[in-house]
Amino acid sequence: MGLFAGKYGVSAWEVETPDFTGAVLFLVNLATCVFVFREDFSPLFFGEDVYVAESADIDEKLDFIAAAHKLTVREREVLGLVYMGNTNPDIAEALFISVNTVKKHIRNIYEKLDVKSRSEVIHLINARNIKNDEKNRI
1 MGLFAGKYGV SAWEVETPDF TGAVLFLVNL ATCVFVFRED FSPLFFGEDV
51 YVAESADIDE KLDFIAAAHK LTVREREVLG LVYMGNTNPD IAEALFISVN
101 TVKKHIRNIY EKLDVKSRSE VIHLINARNI KNDEKNRI
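With the UniProt record's numbering applied, the sequence shown corresponds to residues 1 to 138, in that order.
Printed below as a string of structure tokens:
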């Protein structure tokens, strides 16, 4: 029987392994899509509460920084909108003030926070650990 199978190119020693290349590429592409569009997929994994917690955490940080650096209420509002990535015209439209007034508020914020750019403001907010700061003040 073995000679008969050998005649047709079948060998007991040559076992074909399945090719998983397609499946691996599919999984890599799926993982890439989930990573790239993680904000779109996050409700599937985390639910809506994550956004509420993040928003509350950021508001706490902004309030803490505003109090620590003696920002006015309006400067605190501008700080929040700057943190969210809004441009000066967007901030002016949202707060019903002129663009020049927004620029003045931002200059005041920079001076009080001792920073020179929006990226420094955002870094300052993101680097702030409220719990450690409150422990250090006591």
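Note that CB positions come from ideal geometry on N, CA and C, so glycine has one too.
Distance from residue 122 to residue 78 at the Cβ level is roughly 13 Å; contact not present, criterion being Cβ atoms closer than 8 Å. The DSSP-derived three-state label of residue 103 is helix. In this structure, the alpha-carbon of residue 116 lies about 33 Å from that of residue 35. In this chain, the alpha helix (DSSP H) harbouring residue 81 covers 73 to 83. Membership of residue 90 in the alpha helix (DSSP H) is indicated by the continuous run 88 to 95. Here the alpha carbons of residue 20 and residue 63 stand approximately 53 Å from one another. Following the DSSP letters along the chain, one finds residue 32 inside the alpha helix (DSSP H) bounded by residues 21 to 36. Exclusion of the five residues before and after residue 81 leaves 90, 91, 94, 95 as the residues of its chain whose Cβ lies within less than 8 Å of its Cβ. Counting the other CB atoms within 10 Å of its CB gives residue 25 a total below 16, which places it among the exposed residues.
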